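Chemist: Below is the structure I would like to discuss, written out as structure tokens.
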Amino acid sequence: MKELKDNIINRIKANFKDATEKNDFSYNRLDFHVNKETIPSILFYLKDEMGFIHLSHISCVDWLEEGEFEVVFIVWSPKDKIKVFVKTRIDRNNPVLDNIDMIWRQANTYERELKEMFGVQFTGLVAPEEFILEDWQGPPPFRRDFDTAAYAEKTFWHRPGREDAQNVRETISKRDGEEIPDFAKKYER
Amino acid sequence: MELFINILGAIVTFLVAFIVGMTYGGLNRKITARVQNRKGPPFYQNFIDAFKLSSKETAIHHGIMHYLGPAFLMVSSVMTLLIVPVFTNNGWFPNLNFKGDLIFLIYIMTFGPLGMALGSGQTGNPNAAIGVTRGLSQMVGFEIPWVMALIALMIQYHTTSIEGLMEAQAQTGTWFMFSSPFAFIAAILAMFGMFRYSPFDIVSAPTELASGPASENGGKYLFVMMSSGSVFTFAKLTLYVDLFLGGAANLPVLLLKTFALYLIPILYGMTTPRYRTEQAIRWFWGWPSFFGLLAIIQAVIL
Amino acid sequence: MYNDKNSQKIVDYIQNWTRKHSIWVLAYGTGCGAIEIPPTMTSRYDSERLGIRGAATPRQADVLLITGYLTVKTLKRVIRVYEQMQDPKYVIGFGSCTINGGMYFDSYNTIKVLDKYLPVDVYINGCMPRPEAVIQGFVKLQKRIGEGRATGAKHYKENLEWYRANQKKIIPNWVMPEYNW
Amino acid sequence: MREKATTLYIGPQHPGITGNMMVKVQIEGDTIVKARTEVGYLHRAFEKLQERRNWLQSFTLLCRFCVPEPDPVEESYARAVELLEGREVPERAKYIRVLVLELARMASYMLWYGGQNGSLGLYTMGQWSVGDRNYILDLFEELTGGRIYHMYIWPGGVRRDLPEGFESKVLKTMDYLEKRLKDYDDLMFSNTIFQKRTQGVGVIPKEKAVEWGVVGPVLRGSGIHSDIRIDDPYEVYDKLDFIVPTEEGGDIWSRALVRRQEIRQSIRIIRQVIDKMPSGEYYNRIPNPHKWALPKGDAYARTEATRGEVGMYIVSDGSTHPRRTHFRGAAYAHGITLLEDLLVGENVADISAIMNSLGTCPPEIER
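Chains as they are written, first to last, in the working numbering: chain A, 12 to 200; chain B, 30 to 331; chain C, 17 to 197; chain D, 6 to 372.
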């Protein structure tokens with residue numbers, strides 16, 4: 012496993028100068044961090060030259076405090092039995108990334124989702140405008156600054172008697188004036 | 030007076046056909062349920078369904094042809110029923126069977142589906158339109174062996190009248206089932222398509238076409254379609270009994286014979302998936318038509 | 017004779033009896049609750065013995081079974097389906113999420129209370145309700161139909177403005193999709 | 006002569022659709038010339054909701070991702086959390102997890118038997134298999150308290166130990182189901198009409214399969230030996246003896262054959278698991294969930310479900326709540342891009358059969 016990982020790291024680093032690796036996992040995983048311009052070429056290289064033919068996942072993480080989105084591509088090599096995470100950071104205010112659905116057809120679906128949920132623009136993505144949401148007027152809902160509870164509170168009618176209780180047992184006992192039974196107290200940690 | 034008796038007889042025939050057809054439908058559901066390891070609805074469930082449908086408010090209107098579609102179906106069923114002699118040598122229910130022969134019957138049996146096609150076409154529902162197309166193509170499929178079997182009988186016994194054929198059976202004492210076995214086989218195989226039970230139920234396949242031609246028909250429309258289906262079932266079964274099983278002299282014998290025939294398509298249907306339209310047509314033009322051809326050859330030689 | 021109260025009573029009784037014993041459920045799994053419908057309909061629980069069976073199109077159906085949460089996008093279709101159904105028609109809310117939002121109480125995309133948007137005749141509690149509970153819900157509906165108390169559709173017609181206002185509040189674009197099913 | 010194309014909407018209210026989605030097809034005669042899927046009818050924003058719940062609370066949402074087989078999702082999440090935290094799982098818990106996963110696989114395949122045959126009009130099969138599936142759900146009910154939603158495989162192990170006498174009940178059910186599977190074969194696989202309807206329909210070519218993102222039984226039906234239980238082994242699958250069946254055809258029939266053999270392999274695995282089940286702890290207790298913070302970092306764990314690869318990507322910022330969870334379902338590729346490509350040129354009568362054979366599960370796409 013170690014030689015395999017080293018081999019992959021060496022080949023990637025030789026071809027992509029901006030790639031920084033993270034290799035402190037005890038299992039079959041390897042991380043690369045690259046600039047956003049490199050994404051299509053590194054994925055293309057991984058797929059065509061190194062046998063990472065299976066696109067497992069594309070995800071996006073909103074680091075609101077740092078003003079950045081982290082887009083993660085997870086690819087898997089059935090030959091070498093190793094997963095590689097390719098990560099990149101893009102500006103949160105201008106989230107633009109290159110489209111990769113010519114490399115993997117199914118990436119189209121992920122990109123449509125990220126576009127709708129985070130507002131990440133993929134240049135050259137050909138897809139219908141709406142994917143999951145219909146006539147959505149708010150901000151992209153999966154961004155951290157969108158408060159779903161407040162939105163739901165504002166938009167939908169709620170049946171009275173149901174509150175977002177952090178400690179259900181306490182709330183019920185307080186509301187009904189009941190004692191918390193001893194056996195229940197035992198499980199309080 | 031004779032006219033009055035005739036009309037009364039026709040009404041009684043219709044009622045009997047309705048009740049028997051509905052009960053058979055219910056028994057079908059019951060038997061299917063037993064095969065499928067469950068209790069199933071009561072045998073009179075179809076009556077409840079029918080009365081419920083008739084008591085539903087029906088506020089669907091797609092135009093006059095849509096309205097007439099189920100009516101055409103009903104007319105066709107009732108006509109078929111009245112042309113088919115119910116009992117042998119029974120003066121009580123002559124209905125119309127002296128007025129028409131087998132050739133007229135073949136025509137009138139296709140009249141209903143054609144009318145329904147016009148009606149469904151007007152709903153504008155693509156499911157209904159596709160269902161109707163499939164139904165008509167499938168009809169073309171099973172008509173071939175069916176007509177071949179009938180032609181064989183007509184050639185063999187030199188008559189196109191159903192009563193004549195029944196008399197021929199009564200005189201020789203052998204049912205056509207035994208004397209013209211190939212015609213019987215071809216007709217039975219065509220019956221699978223005629224009843225539209227699995228494997229030939231693609232016309233109203235719910236997983237593809239919602240419920241096909243009936244997609245836009247609820248409430249009273251569906252009630253009319255359902256009762257016309259029941260009447261038609263009885264008429265078809267009686268026709269088969271008349272043609273191949275020597276007719277029936279009284280009601281219990283008729284019920285016994287028709288139910289035995291009815292079991293064939295439903296029991297086969299429980300264990301089969303459905304054919305696609307073109308597969309169904311290919312099937313009908315294969316072995317069933319071959320037997321039909323054999324029947325004609327047999328008829329010509331004899 | 018026709019307007020005679022007693023005879024009308026008998027007609028009503030017979031109609032309600034047939035309606036009660038022949039319930040055609042629209043096959044529309046709006047949410048995850050659809051997973052308990054096959055067991056309810058099949059051999060162990062066999063709802064067909066009570067006259068409950070599936071119907072393929074809204075035109076033929078009597079009962080709209082809302083199996084679980086409704087997203088805003090589905091609600092639009094459900095309203096259309098409901099209005100395509102023929103009277104008398106009934107709605108069963110299935111699962112906790114139709115009652116008070118269930119575990120999706122803070123989701124931005126699901127409605128929380130079904131009876132604000134459609135007239136619900138019977139609620140079935142639980143997440144997920146067992147097939148026994150589903151059948152119990154149907155029996156409850158049958159009882160209400162038999163007594164002539166399942167008048168959700170009538171209520172909907174009488175209070176259409178109120179329902180419409182609620183529906184339009186959360187559905188921004190009130191143009192129905194072009195398809196006809 | 007070119008016929009005019011008709012547009013046909015399959016869904017969202019349609020008995021032939023798997024779940025709640027829509028396929029808009031354009032047909033010429035009976036042949037599909039263009040297909041487009043529309044999803045989003047089931048979007049509940051699980052991942053957003055998980056950000057508002059702590060690591061254990063968000064776990065209760067997981068089984069709602071895909072209802073026919075919720076356990077692989079729980080397994081993926083639990084394993085991702087364990088990878089991130091470095092939490093050890095007791096050996097017994099691993100065996101119990103495999104037992105639950107395989108039972109869930111069987112239950113899901115029983116439902117597939119019904120769906121696949123229902124799409125072709127063989128309703129008797131569905132009545133039998135969905136009825137027999139209740140026996141597996143009974144086991145789940147005894148083990149976890151719920152028929153459908155188990156919430157059983159959770160971070161650190163499993164929620165409770167096996168009840169007394171549970172093993173013998175499982176074995177008894179397995180014996181019964183093995184007997185029933187023979188009946189299913191007689192009704193379904195020996196049926197010529199079933200063969201005619203499925204052979205050569207919905208073919209996924211072998212060369213393209215991996216690239217198109219095909220996973221699970223569908224991929225194995227195209228002749229590629231690929232199974233996460235073997236390739237990227239989790240729990241104790243590397244200690245168990247089972248084979249991963251493959252078929253060459255790539256059509257519905259091959260996929261059906263793969264599933265037919267896999268359900269038998271599941272029975273085999275379950276018997277081995279019960280045979281080898283060690284005694285000991287079943288749960289490595291987590292601290293007070295309200296104060297349970299995971300270290301900063303991310304993890305991705307994937308599990309082989311009946312639909313294929315289901316994975317869970319979790320990101321922690323070091324707090325008690327997830328920063329981000331993202332679920333990857335097989336339907337991402339199967340339900341949209343693959344389906345759209347595959348339907349072109351097929352008969353309109355086969356849409357439902359193809360969808361069922363792909364194991365499309367719409368809630369996986371939109372969650």
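All C-beta atoms, glycine included, are put in the ideal place defined by N, C-alpha and C.
None of the values given here were measured: they were computed from a predicted structure.
Considering just the uninterrupted stretch of the beta strand (DSSP E) at Gln132/A, what are its terminal residues?
Modeler: Translated into positions along the first sequence, residue 132/A becomes position 121. Counting along the chain, the beta strand (DSSP E) containing Gln132/A begins and ends at 132-134.
Chemist: Please compile the residues from chain C whose C-beta is within a distance smaller than 7 angstroms of the C-beta of Asp146/A.
Modeler: Here the question's residue 146/A lines up with position 135 in the first sequence. Neighbours of Asp146/A on chain C, chain order: Pro188, Asn189.
Chemist: Give me the residue from Asp137/D, Gln200/D, Ile198/D, Gly162/D with the minimum Cα distance to Asp180/D.
Modeler: One-based indexing of the fourth sequence puts residue 180/D at position 175. The shortest C-alpha separation from Asp180/D is found at Asp137/D.
Chemist: Please look up how many angstroms separate the CB atoms of Gly334/D and Gly221/D, rounded, as I've assumed it's under 8 angstroms.
Modeler: Sequence index remark: in the fourth sequence, residue 334/D carries index 329 (1-based). Sequence index remark: in the fourth sequence, residue 221/D carries index 216 (1-based). Not confirmed; about 11 angstroms, so no contact.
Chemist: Going along chain D, which residues have a C-beta under 7 angstroms from Val97/C?
Modeler: For the purposes of this step, residue 97/C is identified with residue 81 of the third sequence, where counting begins at 1. In chain order: Gln18.
Chemist: On a Cα-Cα basis, can you pick out the residue from Leu134/C, Phe154/C, Gln152/C, Gly162/C that is closest to Trp178/C?
Modeler: As a position in the third sequence, residue 178/C is number 162, starting the count at 1. When only C-alpha atoms are compared, the closest one is Leu134/C.
Chemist: Give the residues of chain A in contact with Val129/C, contact being defined as C-beta atoms less than 8 angstroms apart.
Modeler: Translated into the one-based positions of the third sequence, residue 129/C becomes position 113. Within 8 angstroms Cβ-Cβ: Phe167, Trp168, His169, Arg170.
Chemist: Measure the beta-carbon distance from Pro145/C to Tyr61/C and round it to whole angstroms, keeping in mind my assumption that it falls under 8 angstroms.
Modeler: Along the third sequence, one-based indexing puts residue 145/C at 129. Along the third sequence, one-based indexing puts residue 61/C at 45. Contact flag wrong, Cβ pair sits at about 12 angstroms.
Chemist: Please check if any C-beta of chain D sits within less than 9 angstroms of the C-beta of Gly70/C.
Modeler: For the purposes of this step, residue 70/C is identified with residue 54 of the third sequence, where counting begins at 1. By this cut-off, Gly70/C is an interface position.
Chemist: Below 8 angstroms on the Cβ atoms is my contact criterion, and I expect Ala304/D with Leu89/D to pass it. Report the Cβ-Cβ distance as a whole number of Å.
Modeler: Residue numbering aside, residue 304/D sits at position 299 when the fourth sequence is read from its first letter. Residue numbering aside, residue 89/D sits at position 84 when the fourth sequence is read from its first letter. With 8 angstroms as the limit, Ala304/D and Leu89/D qualify as a contact, their Cβ atoms being about 4 angstroms apart.
Chemist: Going by C-alpha distance, which of Leu274/B, Gly298/B, Tyr297/B, Phe313/B is nearest Thr201/B?
Modeler: Against the second sequence, residue 201/B aligns to sequence position 172. Nearest to Thr201/B by alpha-carbon distance, out of Leu274/B, Gly298/B, Tyr297/B, Phe313/B, is Leu274/B.
Chemist: If the cut is a Cβ gap below 7 angstroms, which residues of chain D does Lys89/C touch?
Modeler: In the third sequence, residue 89/C corresponds to position 73, counting from 1. Chain order gives the chain D residues near Lys89/C as Gly45, Tyr46, where near means a beta carbon separation below 7 angstroms.
Chemist: Can you check whether the CB of Met282/D is closer than 9 angstroms to the CB of Arg97/D?
Modeler: Taking the fourth sequence and counting its residues from 1, one reaches residue 97/D at position 92. Taking the fourth sequence and counting its residues from 1, one reaches residue 282/D at position 277. Their beta carbons are under 9 angstroms apart, which means Arg97/D touches Met282/D by this criterion.
Chemist: If you reduce the DSSP assignment to three classes, tell me which class Gln31/D lands in.
Modeler: Taking the fourth sequence and counting its residues from 1, one reaches residue 31/D at position 26. Secondary structure at Gln31/D: strand, using DSSP grouped into helix, strand and coil.
Chemist: Put Ser88/A into one of helix, strand or coil per three-state DSSP.
Modeler: Along the first sequence, read from residue 1 onward, the residue named residue 88/A stands at position 77. Strand at Ser88/A.
Chemist: Looking at chain D, which residues of the stretch 77-93 of chain B have a Cβ within less than 9 angstroms of any of its Cβ atoms?
Modeler: none
Chemist: Within 9 angstroms of any Cβ in chain C, is that where the Cβ of Pro294/D sits?
Modeler: Walking along the fourth sequence from the start, residue 294/D turns up at place 289. It does not; no Cβ of chain C falls within 9 angstroms.
Chemist: What are the residues in the stretch 333-366 of chain D lying within 7 angstroms of chain C by C-beta distance?
Modeler: none
Chemist: Using the Cα positions of Asp28/C and Asp78/B, report the straight-line distance between them to the nearest angstrom.
Modeler: For the purposes of this step, residue 28/C is identified with residue 12 of the third sequence, where counting begins at 1. For the purposes of this step, residue 78/B is identified with residue 49 of the second sequence, where counting begins at 1. Cα-Cα distance, rounded: 16 angstroms.
Chemist: Please tell me whether Asn139/D has its Cβ less than 9 angstroms away from any Cβ of chain C.
Modeler: Taking the first residue of the fourth sequence as 1, we reach residue 139/D at position 134. Closer than 9 angstroms to some Cβ of chain C, the Cβ of Asn139/D qualifies, so yes.
Chemist: For Ile184/B, which three-state DSSP category applies?
Modeler: As a position in the second sequence, residue 184/B is number 155, starting the count at 1. Helix, per DSSP.
Chemist: Identify, in the order they occur along the chain, each residue of the same chain with its Cβ nearer than 7 angstroms to the Cβ of Thr65/D, setting aside the five sequence neighbours on each side.
Modeler: As a first step, residue 65/D is located in the fourth sequence; it is residue number 60 there, counting from the start. Same-chain partners within the cutoff: Met156.
Chemist: Strictly under 9 angstroms for the Cβ-Cβ distance: is Ala309/B near chain C by that measure?
Modeler: Your numbering for residue 309/B matches position 280 in the second sequence. It does not; no Cβ of chain C falls within 9 angstroms.
Chemist: Is DSSP giving Lys85/B helix, strand or coil here?
Modeler: Taking the first residue of the second sequence as 1, we reach residue 85/B at position 56. Here Lys85/B sits in coil by DSSP.
Chemist: Can you give me the C-alpha to C-alpha distance between Pro160/D and Val137/A, rounded to a whole angstrom?
Modeler: The residue given as residue 160/D occupies position 155 in the fourth sequence. The residue given as residue 137/A occupies position 126 in the first sequence. The straight-line gap from Cα to Cα measures roughly 40 angstroms.
Chemist: Where are the beta strand (DSSP E) runs, 3 residues long or more, that stay fully inside the stretch 18-65 of chain A, in chain order?
Modeler: 31-33, 40-45
Chemist: Check whether the Cβ atoms of Phe80/A and Ile101/A sit closer than 9 angstroms, and answer yes or no.
Modeler: Your numbering for residue 80/A matches position 69 in the first sequence. Your numbering for residue 101/A matches position 90 in the first sequence. For Phe80/A and Ile101/A, yes; Cβs fall inside 9 angstroms.
Chemist: Across which residues does DSSP place Val79/C in a beta bridge pair?
Modeler: Within the third sequence, the letter at position 63 stands for residue 79/C. In DSSP, Val79/C forms a bridge with Val41/C, Tyr106/C.
Chemist: Counting only beta-carbon atoms, is Tyr318/D nearer than 9 angstroms to chain A?
Modeler: If you number the fourth sequence from 1, residue 318/D lands on position 313. Yes, contact with chain A.
Chemist: Go to Asp303/D, then tell me how far its beta strand (DSSP E) extends in each direction, as first and last residue.
Modeler: As a working note, residue 303/D is residue 298 in the fourth sequence. That run of the beta strand (DSSP E) goes 302-310.
Chemist: Use the C-beta contact count for Met6/D: other C-beta atoms within 10 angstroms, 16 or more gives buried, fewer gives exposed.
Modeler: Mapped onto the fourth sequence, residue 6/D falls at position 1. Only weak support is given to the placement of Met6/D: the predicted model assigns it a pLDDT of 39, under 50, and the question is left unresolved by the model.
Chemist: I need the DSSP call for Cys48/C, collapsed to helix, strand or coil.
Modeler: Residue numbering aside, residue 48/C sits at position 32 when the third sequence is read from its first letter. Looking at Cys48/C - three-state DSSP - the assignment turns out to be helix.
Chemist: When the distance is taken between beta carbons, is Gly162/C closer than 9 angstroms to Asn22/C?
Modeler: Reading the third sequence from its first residue, position 6 is the one you call residue 22/C. Reading the third sequence from its first residue, position 146 is the one you call residue 162/C. Going by C-beta atoms, Asn22/C is not nearer than 9 angstroms to Gly162/C.
Chemist: If you count every other CB in all the chains shown that lies within 10 Å of the CB of Arg93/C, and 16 or more means buried, which is it?
Modeler: As a working note, residue 93/C is residue 77 in the third sequence. The residue is buried, with at least 16 neighbouring Cβ atoms inside 10 Å.
Chemist: Please report how far the alpha carbon of Pro174/B lies from the alpha carbon of Leu66/C, in whole angstroms.
Modeler: In the second sequence, residue 174/B corresponds to position 145, counting from 1. In the third sequence, residue 66/C corresponds to position 50, counting from 1. Each residue's Cα considered, the two are about 41 angstroms apart.
Chemist: Does the beta carbon of Pro135/C come closer than 9 angstroms to any beta carbon on chain B?
Modeler: As a first step, residue 135/C must be located in the third sequence, where it is residue number 119. For Pro135/C, the answer is no, since every Cβ of chain B falls outside 9 angstroms of its Cβ.
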